[in-house]
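Residue numbers (our numbering): 1 to 448.
Note that CB positions come from ideal geometry on N, CA and C, so glycine has one too.
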């Protein structure tokens, strides 16, 4: 927990040395204090929170889990709640309100000033997962005709409540975005320089309705610290800061992992998600995959005669299916990852296909060669059997690589999340295909 001794804090709380505890927390990082608050029993959470210096309380509040925020809101006075809401950055307040029950939201908004309430309501109206839903209104907006000296005076007067003051945005009288200037640009220019002469007019920005994943891609592509957000009339309405972009990255990555493991995404952390909800998130996919695997069983039934003639064929099925399934998963994982970070686009489909085809040929030849040596030693005098197994393995590996790279791109084309075309679904499809190849090749070469 940072550089602070958890046992010392607990000891101060237990022995009711509240003044000393307050002084100790005043020197701590907000994240560490939030962690300390969360570890307390419900009644002590409010006690510790109320000890916080006024200037720290809102910052700590923004780092608490939603359940703890709700508990504190229900335990403090309207005056205290009003102070917290006014001190919170708008994006943090909106994030909190989206999670809280309606009755708690109503009380929060009742205790906000009319100006803050209007701003929060405006932010709550933006589509979920859009740039507007993750932006904040606390930015420094300068006018193009200001001098550097006037700009510094404005920053000193208004910067204390802003989420970032390093990057300043230049607007005209109608609040349309004109340019961007950094504090470094201001520091390196004489006081009488006019902002329009030093601002960068080539501004990278997002639109309020733009998907938040596209916003994250913009952050990654241009190494930004913050990104201005404009409405459909090019008026500056807010900014997305890098901490919000990182949070979106974490949420999107978690969502993709869950989809790739054949689960519906969950909003809550694992330990705070109930057993019934976890079951509900997993069961539909398990049912779908279970019935999809019936296809594999029906293929086996079709070749029942071949298995009776040569029961030995059954012993090779797990190896062919597992190997091709692993190959398909490798391709799908690489393609899904490439699409997520913007390395692969739909127009690259033939390049990806050609590359995976060649990888499949090389992998298949090596795997088939190694297997051929094993089979010749294990079953001497049966070269056709060995050949049928390794040939079907080669074909199954190549097909698995092609299926693994094509399905995620097909999902993207159909406006679905490519992550759903991951390991479980790919394996089910590839298993059926590799089994079909194996029996076709074996029956053809062995004249069964």
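With 16 other Cβ atoms within 10 Å as the buried cut-off, status of residue i
i	result
residue 2	Residue placement at residue 2 is poorly supported in this model, since its pLDDT is 49, which falls under 50; the coordinates are not used for a value here.
residue 139	buried
residue 432	buried
residue 341	exposed
residue 191	exposed
residue 45	buried
residue 253	exposed
residue 325	buried
residue 335	buried
residue 107	exposed
residue 303	buried
residue 74	exposed
residue 442	buried
residue 121	exposed
residue 42	exposed
residue 132	buried
residue 114	exposed
residue 51	buried
residue 417	buried
residue 371	buried
residue 301	exposed
residue 279	exposed
Test item: CB-CB of residue i and residue j under 8 Å
i	j	result
residue 18	residue 37	no
residue 63	residue 34	yes
residue 111	residue 88	no
residue 363	residue 405	no
residue 206	residue 177	no
residue 91	residue 244	yes
residue 119	residue 137	yes
residue 127	residue 77	no
residue 24	residue 12	yes
residue 229	residue 240	yes
residue 323	residue 395	no
residue 84	residue 102	no
residue 438	residue 294	no
residue 346	residue 413	yes
residue 312	residue 306	no
residue 186	residue 148	yes
residue 424	residue 289	yes
residue 212	residue 246	no
Residue i, DSSP secondary structure in three states
i	result
residue 151	helix
residue 379	coil
residue 1	Note that residue 1 scores a pLDDT of 44, beneath 50, so its modelled location is shaky and nothing firm can be said.
residue 228	strand
residue 130	strand
residue 235	strand
residue 172	coil
residue 64	coil
residue 440	helix
residue 177	strand
residue 207	strand
residue 325	helix
residue 214	helix
residue 143	strand
residue 433	helix
residue 200	strand
residue 113	coil
residue 77	coil
residue 193	coil
residue 341	coil
residue 279	helix
residue 428	helix
residue 273	coil
residue 333	helix
residue 164	coil
Inter-residue CB distance, residue i and residue j (contact presumed, cutoff 8 Å)
i	j	result
residue 94	residue 124	6 Å
residue 446	residue 402	Not a contact, Cβ separation roughly 26 Å.
residue 309	residue 448	5 Å
residue 104	residue 55	Not a contact, Cβ separation roughly 24 Å.
residue 242	residue 224	7 Å
residue 329	residue 428	That belief does not hold up - the Cβ atoms of residue 329 and residue 428 are roughly 11 Å apart, past 8 Å.
residue 421	residue 315	Rounded, the Cβ-Cβ distance is 31 Å, inconsistent with contact.
residue 430	residue 400	5 Å
Residue i beta carbon near the ligand MG (any heavy atom closer than 7 Å)
i	result
residue 94	In terms of ligand content, the structure shown is empty, and the ligand MG therefore cannot be addressed.
Using 8 Å as the cut-off, can you tell me whether the segment 213-226 makes contact with the segment 380-387, which would need three or more C-beta pairs spanning the two stretches below that distance? no
Between the segment 178-197 and the segment 145-157, are three or more C-beta pairs nearer than 8 Å? yes
Is the segment 174-189 in contact with the segment 197-207, if contact means three or more CB pairs nearer than 8 Å? yes
Under 8 Å, with one C-beta from each stretch per pair, do the segment 163-173 and the segment 234-251 reach the 3-pair mark? yes
Counting pairs of beta carbons, one from the segment 433-446 and one from the segment 348-367, are three or more of them closer than 8 Å? no
Is the segment 336-351 touching the segment 384-398, taking contact as three or more C-beta pairs under 8 Å? no
Mind the definition here: the segment 65-74 touches the segment 94-105 only if three or more C-beta pairs lie below 8 Å; say whether that holds. yes
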